[in-house]
Amino acid sequence: MESLTALAARLGQCLQAAHAQISTAESCTGGGIAEAITRIAGSSAWFEAGYITYSNAQKTAQLGVSAELFERVGAVSQEVVEAMVRGAQQHSGARFAVAVSGVAGPGGGSPEKPVGTVWLAWGDADQLYSQRCQFAGDRSEVRRQTVERALQGALRLTAGEKPWQG
């Protein structure tokens, strides 16, 4: 397993080569993706903004996610993370964005969305990709796996691949 710092450094190299920037829109990770990225010296050249939108109200206020969407599909959904990506891109001006929303636990799960359920989305201009993951472990482990998966997907996307290939 590659460390989060190594993944973030590789992502930075790809973004610099593309003369592009990335933004993050995070819920269950609470800023963990942005923190991993900004560990890298010089990341201000390729990291534009990080939105920590833990509540639905802030997903609407900061990213423009429709309040109706939460009532229809819930915060932990493909539609919401895709809207978060588009909001992050629009508000930051970054070419690339990654968004996450999930149930990190220990509570909050349901039969349809048990603890460890996380939706991730990645965007590049007109391209939009999303993936549902089911991570195992406690809250800390679910969050770490989410950050890792988000960085892996962003790295693949900046390399011109689909985020879930590998």
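So the sequence shown is numbered by UniProt numbering: it starts at 1 and just counts up by one.
The beta-carbon is built from N, C-alpha and C at its ideal position, and this holds for glycine as well.
- Where THR117 is concerned, the enclosing beta strand (DSSP E) starts and stops at 117–124.
- CA-to-CA, the gap between LEU157 and ASP124 works out to about 8 Å.
- Under the three-state reduction of DSSP, GLY87 is assigned to helix.
- In this structure, DSSP gives VAL100 an extended state, which the three-state scheme calls strand.
- Judged by pairs of C-beta atoms under 8 Å, the stretch 61–71 touches the stretch 81–99, as three or more such pairs exist.
- A direct Cα-Cα distance of roughly 9 Å separates ARG139 from VAL115.
- For ALA49, the enclosing beta strand (DSSP E) has its first and last residue at 47–52.
- In this structure, DSSP gives SER130 an extended state, which the three-state scheme calls strand.
- Ranking GLY42, HIS19, ARG72, PHE47 by CA distance to the CA of LEU151 puts PHE47 first.
- Of the candidates GLN16, GLU35, GLU68, CYS14, the residue whose Cα lies closest to the Cα of THR24 is GLU35.
- In the DSSP assignment, SER23 is bridged to ALA49, ALA97.
- Annotation: ALA83 to GLY74 spans about 12 Å, alpha carbon to alpha carbon.
- In the DSSP assignment, GLY30 falls outside any alpha helix (DSSP H) and carries neither an H nor an E.
- For the set VAL118, LYS113, SER110, GLY108, the Cα lying nearest the Cα of ALA99 is the one of VAL118.
- Listed in chain order, the non-local C-beta contacts of GLY30 below 7 Å within the same chain comprise ILE52, TYR54, local neighbours out to five positions each way being set aside.
- Classified as exposed, ARG39 has fewer than 16 neighbouring CB atoms from the shown chains inside 10 Å of its CB.
- Taking a contact as a CB-CB distance under 8 Å, the pair VAL85 and TRP122 counts as one, their CB atoms being some 7 Å apart.
- Only residues of its own chain outside the window of five on either side were considered, and among them ASN56 have a CB closer than 6 Å to the CB of PHE70, listed in chain order.
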